[in-house]
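Read the structure below first, then the notes.
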């Protein structure tokens, strides 16, 4: 990086403490003289991934650094998730607008529909990133794919329900309007389907499994829930530990999404299973996370 292309100013004093922060560098436009000819104004545009070292020196006007005794941020959470290479990662930390930005680098931005409440306190300990509250009536977020994926996958979210009584709440789903038999995962409490976490996995034309694994979840509590689907079975993890595995019987290749099966947060389909409460840190992977990876994600989220 050439120093004369970076908008920085010298800082007055140094500090031996190390801090984690976010920043953006926007290279300026420059005028360049072309061998004695006319001056040409050039702009710079970069694509790809870059490793950048930023040294922040205490004493700079406008630079706010944590003070001794401040609670440490669990900055490791998003780093741990990204290290496992999700194909979609919606942190749901937006404060306004209709776009749920994809942090995975795959540019699979989702759209908020109706009026989910943004900027709510998030699930991750000591992390200022916020969550989104869904009303259980018509709020949801959706990514509409122009491609497809079938195979082993993992689906991850932090969820906090706020309703009581009988309920059937899908927080992640890829079931479509007129097509079904793909994937969803719900908090379930009913006389028909039981009390726990319900998961449905199919191949686009038939279901492999549609069952509830017992788990006595409670409202107003955050839960880290991960569904890991392989070609033979699906395992559900809650707060870093497996609560059960469901076999497909004959086996098969699960369908995660295609042009008719959009990825949705806050409902199972246009007709059913709306989620009431907060959802945070949604990620999908095109492989089966290991139990160690799931445990590491949960540990990073709850802090030391």
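In the numbering used here, the protein residues as written are 3 to 306.
Every residue gets a Cβ at the ideal spot worked out from N, C-alpha and C, and that includes glycine.
Nearest-angstrom Cα separation, counted from residue j out to residue i
i           : j           : result
residue 216 : residue 203 : 17 Å
residue 177 : residue 197 : 22 Å
residue 293 : residue 253 : 21 Å
residue 135 : residue 167 : 19 Å
residue 192 : residue 170 : 7 Å
residue 158 : residue 108 : 17 Å
residue 84  : residue 110 : 15 Å
residue 295 : residue 86  : 8 Å
residue 129 : residue 99  : 21 Å
residue 114 : residue 260 : 19 Å
residue 208 : residue 306 : 43 Å
residue 1   : residue 112 : This structure gives no information on residue 1, because the portion of the chain shown stretches from 3 to 306.
residue 116 : residue 91  : 21 Å
residue 256 : residue 182 : 12 Å
residue 212 : residue 101 : 31 Å
residue 235 : residue 122 : 35 Å
residue 206 : residue 194 : 24 Å
Cβ neighbours of residue i in the same chain (closer than 6 Å, five flanking residues each side left out)
i           : result
residue 230 : 156, 237, 290 and 291
residue 266 : 142, 144 and 175
residue 263 : 176, 178 and 184
residue 96  : 120
residue 270 : 172, 175, 177 and 186
residue 210 : 203, 204, 250 and 254
residue 239 : 228 and 296
residue 164 : 221, 278 and 279
Whole-number beta carbon distance between residue j and residue i, since they are thought to touch under 8 Å
i           : j           : result
residue 233 : residue 151 : Wrong, their Cβ atoms sit about 14 Å apart, outside the cutoff.
residue 161 : residue 281 : 5 Å
residue 138 : residue 277 : 6 Å
residue 133 : residue 105 : Going by Cβ atoms, the distance from residue 133 to residue 105 rounds to 14 Å, so no, they are not a contact pair.
residue 93  : residue 148 : Wrong, their Cβ atoms sit about 23 Å apart, outside the cutoff.
residue 118 : residue 268 : 7 Å
residue 188 : residue 275 : 6 Å
Own chain partners of residue i with C-beta closer than 7 Å, once the 5 adjacent residues on each side are dropped
i           : result
residue 308 : The chain is shown only over 3 to 306; residue 308 falls outside these bounds and no answer can be derived.
residue 88  : 106, 285, 286 and 287
residue 154 : 231, 232, 233, 289 and 290
residue 223 : 162
residue 297 : 242
residue 82  : 298, 299 and 302
Sequence-distant residues of its chain with Cβ nearer than 8 Å to residue i (five each side left out)
i           : result
residue 190 : 169, 170, 171, 196, 197, 198, 199, 200 and 214
residue 218 : 197 and 198
residue 303 : 76, 79, 125, 126, 127, 160, 226 and 283
residue 180 : 262
The ligand NAD heavy atom lying under 7 Å from the CB of residue i
i           : result
residue 299 : Ligands are entirely absent from the displayed structure, and the ligand NAD is therefore not among its contents.
Checklist entry - Do three or more CB pairs link the stretch 240 to 254 to the stretch 138 to 150 at distances below 8 Å? => result Verdict: no, contact absent.
Item to check | Continuous beta strand (DSSP E) assignments of at least 3 residues falling wholly in the stretch 96 to 130 | outcome: Taking only runs of at least 3 residues, the beta strand (DSSP E) segments lying wholly in the stretch 96 to 130 are 112 to 115 and 119 to 122.
Checklist entry - What are the start and end residues of each continuous alpha helix (DSSP H) run of 4 or more residues lying completely inside the stretch 223 to 306, in chain order? => result Runs found: 293 to 304.
Checklist entry - Which ranges does the beta strand (DSSP E) cover as unbroken runs of at least 3 residues, wholly within the stretch 171 to 232, from first to last along the chain? => result Whole beta strand (DSSP E) segments, 3+ residues: 185 to 192, 196 to 204, 209 to 216 and 225 to 231.
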